[in-house]
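In the working numbering, the protein residues as written are 76 to 335.
Working notes, structure below.
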Amino acid sequence: MTTPQLVVHRDKDLMALAAAARLITRIVDAQSARGAASVVLTGGRNGNALLAALAASPAREAVDWSRLDLWWGDERFLPEGDPERNATQARDELLDAVPLDPARVHYMPASDGADGDDAEAAAERYAAELAKAAGPEDHVGVPAFDVLLLGVGPDTHVASLFPELPGVRETTRTVVGVRGAPKPPPVRVSLTLPAIRAAREVWLLAAGEDKAEAVALALSSPGEIQAPASGAYGQHRTLWLLDRAAAAKLPPEMYPPASA
Ligand SMILES: O=C1O[C@H](COP(=O)(O)O)[C@@H](O)[C@H](O)[C@H]1O
């Protein structure tokens with residue numbers, strides 16, 4: 076487990092710009108070191124804002140998009156192309172504008188795909204795809220992602236792991252079907268905490284005052300069943316990227332000095 080490191084930006088727009096710049100650097104570094112990079116995308120407002128900032132950045136030219144593997148941390152289990160799918164939103168914000176290798180873009184299945192509306196079967200299919208990409212040194216059955224992005228919901232959910240639901244209790248499988256999600260749509264597919272924790276770096280994104288309670292709760296170590304975000308950490312680094320509004324309820328001793 077890595078200790079969470081907090082960075083607080085002035086507002087959500089600056090947070091998205093800074094996170095995009097940070098992500099470009101991380102991808103370029105990984106491509107230089109290992110030939111390719113892998114990133115797990117998140118849905119939600121902050122994840123989409125990051126992708127939009129990345130699309131608008133001239134520095135995006137520094138990335139070799141053909142050597143980037145993209146995965147998803149969760150998906151709203153809806154038909155292909157549905158505007159509420161995280162994949163559709165990611166395509167609109169960035170993916171359609173950059174020269175990715177389609178074979179390296181690992182979308183989570185849609186509800187009108189090969190498994191129909193069986194979210195559990197779709198989860199198994201995605202787990203198999205992840206296992207195929209994992210190397211012999213990757214014990215959990217997923218690749219050691221360079222960066223795994225997570226939005227943080229106002230209820231502390233990350234990916235589609237909601238407080239107290241079975242998904243957050245999963246200790247063996249890497250991907251699960253989720254039913255009864257309190258945020259629509261109720262049926263989803265999600266990486267589990269063991270899969271999330273296999274990432275080299277986990278970055279949690281939270282901006283806005285509606286996230287302040289969740290940030291304070293998750294960082295006070297209440298337990299991951301009650302606050303799933305508290306169980307999300309990376310092998311090398313766990314980074315919480317916040318704006319001032321989302322950091323407002325942190326106890327003063329946790330507030331990073333440089334960003335006060
Ligand atoms: O539904 C979802 O919500 C969370 C958080 O989204 P936000 O808009 O409150 O930031 C997101 O992380 C997740 O990927 C998505 O499916």
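Just so it is clear, CB atoms sit at the ideal spot from N, CA and C, and this is done for glycine as well.
**Prompt:** Between the C-alpha atoms of Ala287 and Ser295, what's the straight-line distance to the nearest angstrom?
**Reply:** The residue labelled residue 287 in the question sits at position 212 within the sequence shown. The residue labelled residue 295 in the question sits at position 220 within the sequence shown. The straight-line gap from Cα to Cα measures roughly 12 Å.
**Pro163 - DSSP class collapsed to helix/strand/coil** = For the purposes of this step, residue 163 is taken as residue 88 along the sequence shown, with counting starting at 1. Looking at the sequence itself, residue 163 is Thr, so the reference to Pro does not match. Three-state result, Thr163: helix.
**Message:** Taking the beta carbon of Met183 as the centre, do at least 16 other beta carbons fall within 10 Å, making it buried, or is it exposed?
**Reply:** For the purposes of this step, residue 183 is taken as residue 108 along the sequence shown, with counting starting at 1. Buried, because 16 or more other Cβ atoms sit within 10 Å of the Cβ of Met183.
**Prompt:** Does the beta carbon of Leu225 fall short of 8 Å from some heavy atom of ligand 1?
**Reply:** As a first step, residue 225 is located in the sequence shown; it is residue number 150 there, counting from the start. For ligand 1, at least one heavy atom lies less than 8 Å from the Cβ of Leu225.
**Asked** Sorted by chain position, which residues of the same chain lie with C-beta nearer than 6 Å to Val217's C-beta, five sequence neighbours on each side aside?
**Response** Position 142 of the sequence shown, counted from the start, is the residue given in the question as residue 217. Leaving aside the five residues that flank Val217 on each side, the residues in its chain whose CB is nearer than 6 Å to its CB run, in chain order, Leu205, Ala209, Thr249, Ala270, Ala273.
**Prompt:** Which residue's Cα is closest to the Cα of Ala289: Ala196, Gly228, Glu212, Thr247?
**Reply:** If you number the sequence shown from 1, residue 289 lands on position 214. Ala289 has its Cα closest to that of Gly228, out of Ala196, Gly228, Glu212, Thr247.
**Message:** Applying the 10 Å Cβ sphere with the 16-neighbour rule, what's the burial state of Ala335?
**Reply:** For the purposes of this step, residue 335 is identified with residue 260 of the sequence shown, where counting begins at 1. Because the pLDDT at Ala335 is just 45, under 50, the model does not fix this residue reliably, and the value given afterwards should be weighed accordingly. Ala335 comes out exposed.
**Request:** Enumerate, from N- to C-terminal direction, the unbroken beta strand (DSSP E) stretches of 3 or more residues contained entirely within the stretch 138–208.
**Result:** Complete beta strand (DSSP E) runs here, min 3: 143–147, 149–151.
**Prompt:** Counting pairs of beta carbons, one from the stretch 136–156 and one from the stretch 113–125, are three or more of them closer than 8 Å?
**Reply:** Inter-segment contact for the stretch 136–156 and the stretch 113–125 is present: three or more beta-carbon pairs are separated by less than 8 Å.
**Asked** What residues are listed by DSSP as bridge partners for Ser113?
**Response** Numbered from 1 along the sequence shown, position 38 holds the residue referred to as residue 113. The secondary-structure analysis by DSSP pairs Ser113 across a beta bridge with Asp144.
**Prompt:** Leu279 lies in the beta strand (DSSP E); which residues open and close that run?
**Reply:** For this step, residue 279 is matched to residue 204 along the sequence shown. Annotation: the continuous beta strand (DSSP E) that includes Leu279 extends over 276–281.
**Asked** So Arg312 packs on Gln80, CB below 8 Å; how close in whole Å?
**Response** Taking the sequence shown and counting its residues from 1, the one referred to as residue 312 is at position 237. Taking the sequence shown and counting its residues from 1, the one referred to as residue 80 is at position 5. So it is a contact: roughly 7 Å between Cβ atoms.
**Asked** How would you label Ser141, buried or exposed, when you count the other beta carbons within 10 angstroms and need 16 or more for buried?
**Response** Counted from its first residue, the sequence shown places residue 141 at position 66. Ser141 should be labelled exposed.
**Item:** Continuous alpha helix (DSSP H) stretch holding Ser241: start and end
**Value:** Numbered from its first residue, the sequence shown carries residue 241 at position 166. As written in the sequence, residue 241 is Pro, which differs from the Ser given in the question. It spans 241–244 - the alpha helix (DSSP H) in which Pro241 sits, taken as one unbroken run.
**Request:** Helix, strand or coil for Arg120, going by three-state DSSP, please let me know.
**Result:** Here the question's residue 120 lines up with position 45 in the sequence shown. The DSSP-derived three-state label of Arg120 is helix.
**Prompt:** Under 9 Å between the Cβ atoms of Met90 and Ala134?
**Reply:** As a position in the sequence shown, residue 90 is number 15, starting the count at 1. As a position in the sequence shown, residue 134 is number 59, starting the count at 1. With respect to the 9 Å criterion, Met90 and Ala134 are not classified as neighbours on the basis of their beta carbons.
**Item:** Which listed residue (Val138, Leu129, Asp190) has its alpha carbon closest to that of Ala165
**Value:** Counting from one through the sequence shown, the residue named residue 165 turns up at place 90. Per the Cα distances, Leu129.
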